[in-house]
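Top line first, the protein sequences correspond to chains C and P. Count along the first sequence from 1, then add 1; that gives the number in the numbering used here. Count along the second sequence from 1, then add 8; that gives the number in the numbering used here. Inspection log for the structure reproduced underneath, given as structure tokens.
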Amino acid sequence: MANQNIRKWVKKNLFNSWYNSLLTVVCIWLLISVITNIINWIFNQAQWSVIQANLSLFLVGRYPAELYWRLWLVLAIILSLSLVSWAIFTQRLSSRFNTFLPIAWALSFPVVLWLIGGGVGLQPVDTNLWNGLLLTLVTAVISIVLSFPLGVLLALGRQSKLFVIKNFSILYIEIVRGLPLIGILFLAQVMLPLFLPIEFRLDRVLRGIAGLTLFSAAYLAENVRGGLQSIPQGQYEAAKALALNTPLMMLLIILPQALRAVIPALVGQFIGLFKDTSLLSIVGLLELTGISRSILAQPQFLNRYAEVYLFVGLLYWVFCYAMSLASRRLEKQLGIGKR
Amino acid sequence: MTPIWYNRKFWAIVIQLGAVFIAVAIALQLWINLTDNLQRLGIQLGFDFLNSQASFDISETPVAYQASDPYRRALLVGLLNSLRVIIFGIIFATVVGITVGIARLSDNWLVRKLALIYVEILRNTPLLLQLFFWYFAIFLSLPKSANTNSFLGLIQVTNRGIILPFGVQFSPELSTLALGLTLYTGAFIAEIIRAGILSVPKGQWEAAKALGFKSGLVLRLVIFPQALRLIVPPLTSQYLNLAKNSSLAIAIGYPDIYFVASTTFNQTGRAVEVMLLIMITYLTISLVISFMMNLLNQIVQLKER
Numbered sequence: 002m003a004n005q006n007i008r009k010w011v012k013k014n015l016f017n018s019w020y021n022s023l024l025t026v027v028c029i030w031l032l033i034s035v036i037t038n039i040i041n042w043i044f045n046q047a048q049w050s051v052i053q054a055n056l057s058l059f060l061v062g063r064y065p066a067e068l069y070w071r072l073w074l075v076l077a078i079i080l081s082l083s084l085v086s087w088a089i090f091t092q093r094l095s096s097r098f099n100t101f102l103p104i105a106w107a108l109s110f111p112v113v114l115w116l117i118g119g120g121v122g123l124q125p126v127d128t129n130l131w132n133g134l135l136l137t138l139v140t141a142v143i144s145i146v147l148s149f150p151l152g153v154l155l156a157l158g159r160q161s162k163l164f165v166i167k168n169f170s171i172l173y174i175e176i177v178r179g180l181p182l183i184g185i186l187f188l189a190q191v192m193l194p195l196f197l198p199i200e201f202r203l204d205r206v207l208r209g210i211a212g213l214t215l216f217s218a219a220y221l222a223e224n225v226r227g228g229l230q231s232i233p234q235g236q237y238e239a240a241k242a243l244a245l246n247t248p249l250m251m252l253l254i255i256l257p258q259a260l261r262a263v264i265p266a267l268v269g270q271f272i273g274l275f276k277d278t279s280l281l282s283i284v285g286l287l288e289l290t291g292i293s294r295s296i297l298a299q300p301q302f303l304n305r306y307a308e309v310y311l312f313v314g315l316l317y318w319v320f321c322y323a324m325s326l327a328s329r330r331l332e333k334q335l336g337i338g339k340r
Numbered sequence: 009m010t011p012i013w014y015n016r017k018f019w020a021i022v023i024q025l026g027a028v029f030i031a032v033a034i035a036l037q038l039w040i041n042l043t044d045n046l047q048r049l050g051i052q053l054g055f056d057f058l059n060s061q062a063s064f065d066i067s068e069t070p071v072a073y074q075a076s077d078p079y080r081r082a083l084l085v086g087l088l089n090s091l092r093v094i095i096f097g098i099i100f101a102t103v104v105g106i107t108v109g110i111a112r113l114s115d116n117w118l119v120r121k122l123a124l125i126y127v128e129i130l131r132n133t134p135l136l137l138q139l140f141f142w143y144f145a146i147f148l149s150l151p152k153s154a155n156t157n158s159f160l161g162l163i164q165v166t167n168r169g170i171i172l173p174f175g176v177q178f179s180p181e182l183s184t185l186a187l188g189l190t191l192y193t194g195a196f197i198a199e200i201i202r203a204g205i206l207s208v209p210k211g212q213w214e215a216a217k218a219l220g221f222k223s224g225l226v227l228r229l230v231i232f233p234q235a236l237r238l239i240v241p242p243l244t245s246q247y248l249n250l251a252k253n254s255s256l257a258i259a260i261g262y263p264d265i266y267f268v269a270s271t272t273f274n275q276t277g278r279a280v281e282v283m284l285l286i287m288i289t290y291l292t293i294s295l296v297i298s299f300m301m302n303l304l305n306q307i308v309q310l311k312e313r
């Protein structure tokens, strides 16, 4: 019986016409030749010692080993918060906790930064020592958090009826979106110090974050604008009928609905920003891509390009793919486009 | 008479004047800082450096160039290199995107899954990393002689680049960049094409099939022209991304406009002027692409009769 079903399925999905049969055969041949080659390479030719020897460099860079407990603590905080959030979203936990959740996340942010960076009672760790995946995650998260208010303000500015505000916003958004990110990072690394007074010096990581934030805000503004435009005119009129003034109307009525509608786009943007942090390696920061390049520059790991880049690529992939899965899940849960 | 502060127009003007005032104050402060810093570094503002001798070599020159030429010539070479890779990239990425987008909807299970794997791998890793991989792990580890890697004896892939018949040769840098941009952007375009095709109501397929068209013809004559309406706007932003991403050339040493401008900055220290040149170049390229795609958009939009 099962045998017959399999046969039926194969005939329907792989061999339902002569050209599909041909395609299937070609694909199988290609798959077999590629997979055998890859397996052969992984087990016989590749030398994975470069990954084993440098694993801690890839993950946290030169962060002092005796302070790793702080990073474990950070991981524990984030994992437990994520678990609680997930439980609430999938309605395994009562939505009474809904109000505490954003507050808990907001509070965890400075705590996490304090644990990583030290100061105020903890031994400080210089940002030069935050490398690898740690730096990638820190820059991506800080940049998206900082660009959020900026992006929302720009989106509101672009929708504004005030001529000057509107055109300032448009000018900023369009110039930034017209430039390659690497140009903006160059701007932040080289030009920012020129535009600031001499006694005011930002360190390299902060300049990188500034560049990513300025860049991300322009794209975020366009996403939020999409959300704002999806709000029916009646909502504005209803809010005005309740005698709300413009800031209150935006804060209480329009923005909550607009932001809810663009959550998938925002997650997509975060994934993009996460990938874009790799460009920081071009301006000399040792995040995941940068640390790989400096590992590859060591003479004993010469020509281990394929191993290192595949491993690092897998790390990026796991994070991006997990986020896009979570976003799809969230989209369903929120019922976007259905209400 | 109501007092003036009850008047909405009054506040609109006050707020806008305030915004202008703040913007001007910030700009002025930045300008003062800039001139201070430049004076301290002994750099003057101005574009006269463009006429001095560049004295660096460029590995790929579509027009005649030597190290004794001025900076403006070097930048022109860089611009042409950029345009070359952008045009290659857009053409190939569109072809790959349409092919994979249609494959994602194929009734062949294997083809569908392979296309999905391609899209999910390429979209979820950074382009820069992909470029490093193609360049260092693939291109530079290829054999020198072409015997082992020729495709039908026509296209030869070696560590010196891709060699077509009649002696047309592409450097490994150009090949890597074009390949990387094509495969990365192609994955995004595939999803756009797929969404576009899915947006066409099923009745259109059934109606076209009822008229006796084969499925290839249905796609080409009935479905695709309708799907284009939804495809063109996001496709435009993918083309713009591709153009901007071409600046990653600097990571693998392809002498595009950004690379040449960056070398110019390293030699002259003219950060402000070089940044302005980069901005103007990319904004112009973006505007040209947007303009052409807007024309296309007007052609494919629904025409009410």
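By construction, the Cβ of each residue, glycine as well, lies at the ideal position given by its N, Cα and C atoms.
If the five residues before and after M250 (chain C) are omitted, its C-beta is found closer than 6 Å to the C-beta atoms of A240, all from its own chain and listed in chain order. Neighbours of V119 (chain P) across chain C, judged by C-beta separation under 7 Å: L24, C28. Chain P places a beta carbon closer than 7 Å to that of L163 (chain C), counting this residue as a contact. M283 (chain P) counts as buried, since no fewer than 16 other beta carbons sit within 10 angstroms of its beta carbon. The C-alpha of F44 (chain C) lies about 19 Å from the C-alpha of G314 (chain C).
Exclusion of the five residues before and after V26 (chain C) leaves no residue of its chain whose Cβ lies closer than 8 Å to its Cβ. Excluding five sequence positions before and after F55 (chain P), the CB atoms of its chain that fall closer than 7 Å to its own CB belong to E281, given in chain order. Of the residues assessed, S60 (chain P) falls on the exposed side of the cut-off, its CB having fewer than 16 other CB atoms within 10 angstroms.
Within the same chain, Cβ atoms closer than 7 Å to the Cβ of I106 (chain P) are found at I201, the five residues on either side in sequence being excluded. For S328 (chain C), the closest of C:V263, C:A156, C:N132 by C-alpha to C-alpha distance is C:V263. Put simply, the backbone Cα of S295 (chain C) is about 8 Å away from that of L287 (chain C). Counting every other CB atom within 10 Å of its CB across the protein chains shown gives D264 (chain P) a total of 16 or more, marking it as buried. Excluding five sequence positions before and after A266 (chain C), the CB atoms of its chain that fall closer than 6 Å to its own CB belong to N224, given in chain order.
Cβ contact annotation for R237 (chain P) (same chain, cutoff 7 Å, sequence separation greater than five): V308, Q309, L310, in chain order. Beta-bridge analysis with DSSP links P181 (chain C) to no other residue. Counted as a single uninterrupted DSSP element, the stretch harbouring I171 (chain P) is not any alpha helix (DSSP H) but the beta strand (DSSP E) occupying residues 169-171.
Nearest neighbour of I129 (chain P) by Cα position, chosen from C:F302, C:W115, C:W318, C:Q46, turns out to be C:W318.
Close to chain P, meaning a Cβ-Cβ distance shorter than 8 Å, are the following residues of the segment 189-213 of chain C: V191, M192, P194, L195, F196, L197, P198, I199. Sequence-distant partners of D277 (chain C) (beyond 5 residues in either direction) whose C-beta falls short of 6 Å from its own C-beta, in its chain, are L182. Of all residues in the segment 303-316 of chain C, only Y306, A307, Y310, V313, G314 come within less than 7 Å of chain P when Cβ atoms are compared, listed by chain position. Around the CB of V35 (chain C), fewer than 16 other CB atoms lie within 10 Å, so the residue is classed as exposed. For T166 (chain P), the enclosing beta strand (DSSP E) stretches over residues 163-166. The criterion of a C-beta distance shorter than 7 Å is satisfied by V61 (chain C) and G133 (chain C). Taking C-beta separations shorter than 8 Å and ignoring five residues to either side along the sequence, the partners of V75 (chain C) in its chain run V113, L116, I117, following chain order. Near chain P, meaning a CB-to-CB distance below 9 Å, the residues of the segment 266-289 of chain C are I272, F275, K276, D277, T278, S279, L280, S282, I283, L289. Contact check between the segment 139-149 of chain P and the segment 250-265 of chain P: three or more CB pairs, one atom from each, fall below 8 Å, which counts as touching. For S67 (chain P) and Y262 (chain P), the gap between their C-alpha atoms comes out near 8 Å. Interface residue (Cβ-Cβ distance to chain P less than 7 Å): P181 (chain C) is classified as such.
When the beta-carbon positions are compared, I283 (chain C) and I210 (chain C) stay at least 7 Å from each other.
Residue-level contact by beta carbon fails for W49 (chain C) and chain P, as no gap is shorter than 7 Å. Within the same chain, G204, I205, V208 come within 6 Å of A235 (chain P) by CB-CB distance, once the 5 residues on both sides are set aside. Chain P has no Cβ within less than 7 Å of the Cβ of I185 (chain C).
In this structure, Y290 (chain P) sits near G179 (chain C), with a CB-CB distance shorter than 7 Å. When CB distances to chain C are screened at a threshold of 9 Å, the residues of the segment 254-267 of chain P falling below it are S254, S255, L256, I258, A259, Y266, in chain order. Near chain C, meaning a CB-to-CB distance below 7 Å, the residues of the segment 285-297 of chain P are I286, M287, Y290, L291, S294. By the CB criterion at 7 Å, A111 (chain P) and V104 (chain P) fall outside the cutoff.
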